[in-house]
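Enquirer:
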Amino acid sequence: YNLLLRAASRAGQLRLASGLLLEMRERGVAADGFSYSTLLAALTRAGHLDHALTFLPLMEADAVAPDLVLFSNLIHLALRAGDAPKALALFSRLRAAGIRPDLKAYNAAIAAYCKSDLLRDAKRLLLHDVPADGVAPDAESYAPMRRAGVPPSVVTYNTMLRVYGDAGLFGEAVHLFGLMCSTASDGGGGNNGAVRPNVVTYNTMIAIHGKALEDDKAGSLVQQMQAGGIQPNAVT
């Protein structure tokens, strides 16, 4: 059955593939993770969100747990279909299942919150949940809030950097700092929402490099901030 299911899914014969899975269950043949992942991957690729969702209760009945890839694809598909409430409901189900969201799932949830005018919830995800899960945001993470008229501020970045530093997620902090610097250099801090690092930003990153025993990098940041016209303070 799984071989037939895979062949039908690859051929784009989704009605046949769906029927095969239902036939398996009717005949007492246990559908496994491969069965469901094959069919649902084909359905999500084709944009058949509602059809795909009908199989989630069957998965639960067969004791097959949806995984992160499936949830992320469904959340993203719901968002593309303009159904922000459904995207958020799926995101809640993902977390209720004890699955840690990845960047794709978080970005879709942030966008869904912004489309629903739930900007406080979007900001909570970006400022607290994303760094708490050790996920490094990218430019897409901030774009929905910019479009909603709430671009990230230097305080937003500094808060996330501090959370990463406290959690020992030094690589994520370096990634975010690099994103901040590249955005500032591209936009020059103008009306496009670009944010320049300030003395708190640099002090946070210097402390992070210190914790990582990267004294050379900490020292180079002092030079970088001075070159950018930012004077070190007593904390530095």
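By full-length UniProt numbering, the letter at position 120 of the sequence shown is numbered 120, and the numbering carries on one by one without gaps. Yeah, the Cβ is synthetic: ideal placement off N, Cα and C, and Gly gets one too.
Less than 8 Å between the CB atoms is what I'm expecting for P144 and A111, so what's the real figure, rounded?
Expert: By one-based count along the sequence shown, residue 144 stands at place 144. By one-based count along the sequence shown, residue 111 stands at place 111. Going by Cβ atoms, the distance from P144 to A111 rounds to 4 Å, so yes, they are a contact pair.
Enquirer: Measure from the alpha carbon of P152 to the alpha carbon of each residue in V163, A139, R162 and Y164, then state which is nearest.
Expert: For the purposes of this step, residue 152 is taken as residue 152 along the sequence shown, with counting starting at 1. Closest option to P152, Cα to Cα, is A139.
Enquirer: Short check: CB of V154 to CB of L119, under 8 Å?
Expert: As a position in the sequence shown, residue 154 is number 154, starting the count at 1. As a position in the sequence shown, residue 119 is number 119, starting the count at 1. No; because the gap between Cβ atoms is not below 8 Å, this pair is not in contact.
Enquirer: Using the C-alpha atoms, what's the distance from K211 back to R93?
Expert: Within the sequence shown, residue 93 is the residue found at index 93, counting from 1. Within the sequence shown, residue 211 is the residue found at index 211, counting from 1. Approximately 37 Å, taken between the alpha carbons.
Enquirer: Tell me whether E172 is buried or exposed, calling it buried when 16 or more other Cβ atoms sit within 10 Å of its Cβ.
Expert: Counted from its first residue, the sequence shown places residue 172 at position 172. Counting Cβ neighbours within 10 Å, E172 comes out buried, since at least 16 surround it.
Enquirer: Rounding to the nearest angstrom, what Cα-Cα distance links V163 and L126 in this structure?
Expert: If you number the sequence shown from 1, residue 163 lands on position 163. If you number the sequence shown from 1, residue 126 lands on position 126. Answer to the nearest angstrom: the Cα atoms are 11 Å apart.
Enquirer: Starting from Y157, trace the alpha helix (DSSP H) both ways and give me its first and last residue.
Expert: Position 157 of the sequence shown, counting from 1, holds the residue named residue 157. Element bounds for Y157: V154 to D166.
Enquirer: Take every Cβ of the region 64–74, pair it with every Cβ of the region 40–48, and state whether three or more of those distances are shorter than 8 Å.
Expert: yes
Enquirer: Ignore the nearest five residues each way along the sequence and tell me which others in L56's own chain have a CB closer than 6 Å to its CB.
Expert: Taking the sequence shown and counting its residues from 1, the one referred to as residue 56 is at position 56. Around L56: no qualifying Cβ.
Enquirer: Note down, in chain order, each residue of its chain lying with its Cβ closer than 7 Å to the Cβ of R6, except the 5 sequence neighbours on either side.
Expert: Within the sequence shown, residue 6 is the residue found at index 6, counting from 1. The answer, listed in chain order, is T38.
Enquirer: Enumerate in chain order the residues of its own chain whose CB-to-CB distance from H209 is below 6 Å, with the five nearest sequence positions on each side excluded.
Expert: Stepping through the sequence shown from its first residue, residue 209 is reached at position 209. The answer, listed in chain order, is K217 and A218.
Enquirer: If you follow the alpha helix (DSSP H) that H128 is part of, which residue opens it and which one closes it?
Expert: What you label residue 128 is simply residue 128 of the sequence shown in a count that begins at 1. Run containing H128: none; DSSP gives neither H nor E here.
Enquirer: At which residues does the alpha helix (DSSP H) containing V200 begin and terminate?
Expert: Numbered from its first residue, the sequence shown carries residue 200 at position 200. Counted as a single uninterrupted DSSP element, the alpha helix (DSSP H) harbouring V200 occupies residues V199 to K211.
Enquirer: Is it right to say N233 is buried, meaning 16 or more other beta carbons lie within 10 angstroms of its own, or is it exposed?
Expert: Within the sequence shown, numbered from 1, the residue matching residue 233 stands at position 233. Flag for N233 reads exposed.
Enquirer: Sorted by chain position, which residues of the same chain lie with C-beta nearer than 6 Å to F170's C-beta, five sequence neighbours on each side aside?
Expert: Position 170 of the sequence shown, counting from 1, holds the residue named residue 170. Here the set comprises I208 and A212.
Enquirer: Write down the C-beta distance between T159 and I206 rounded to the nearest angstrom, noting that I regard them as a contact closer than 8 Å.
Expert: The residue you call residue 159 lines up with position 159 of the sequence shown. The residue you call residue 206 lines up with position 206 of the sequence shown. That pair is no contact at about 17 Å.
Enquirer: With distances taken between CB atoms, is the gap from A31 to L49 smaller than 8 Å?
Expert: Walking along the sequence shown from the start, residue 31 turns up at place 31. Walking along the sequence shown from the start, residue 49 turns up at place 49. In this structure, L49 does not lie closer than 8 Å to A31 by Cβ.
Enquirer: Which whole runs of the alpha helix (DSSP H) in the UniProt repeat "PPR" (1–31) are 4 residues long or more, in chain order?
Expert: 2–10 and 14–26
Enquirer: Please determine, among R147, V174, F34 and A148, the residue with the shortest C-alpha to C-alpha distance to Y157.
Expert: Reading the sequence shown from its first residue, position 157 is the one you call residue 157. Looking at the Cα atoms, V174 is the closest of the given residues.
Enquirer: Would L58 and S35 be called neighbours here (beta carbons separated by less than 8 Å)?
Expert: Taking the first residue of the sequence shown as position 1, residue 58 is located at position 58. Taking the first residue of the sequence shown as position 1, residue 35 is located at position 35. In this structure, S35 does not lie closer than 8 Å to L58 by Cβ.
Enquirer: If we count the other Cβ atoms within 10 Å of its Cβ and call it buried at 16 or more, is P137 buried or exposed?
Expert: Here residue 137 is taken as the residue at index 137 of the sequence shown, counted from 1. Buried, since its Cβ has 16 or more Cβ neighbours within 10 Å.
Enquirer: State the start and end residues of the unbroken alpha helix (DSSP H) segment that holds I110.
Expert: Mapped onto the sequence shown, residue 110 falls at position 110. Looking at the DSSP string, the run of the alpha helix (DSSP H) that includes I110 is L103 to K115.
Enquirer: Is the separation between the beta-carbon of D102 and that of Y113 shorter than 8 Å?
Expert: One-based indexing of the sequence shown puts residue 102 at position 102. One-based indexing of the sequence shown puts residue 113 at position 113. Between D102 and Y113, the C-beta gap is not smaller than 8 Å, which leaves the two residues out of contact.
Enquirer: Can you tell which of Q13, S9, D62 and A8 has its C-alpha closest to the C-alpha of R25?
Expert: Locating residue 25 in the sequence shown gives position 25, where the first residue counts as 1. Closest option to R25, Cα to Cα, is D62.
Enquirer: According to DSSP, simplified to helix, strand and coil, what is E172?
Expert: Position 172 of the sequence shown holds residue 172. If DSSP states are grouped into helix, strand and coil, E172 belongs with the helices.
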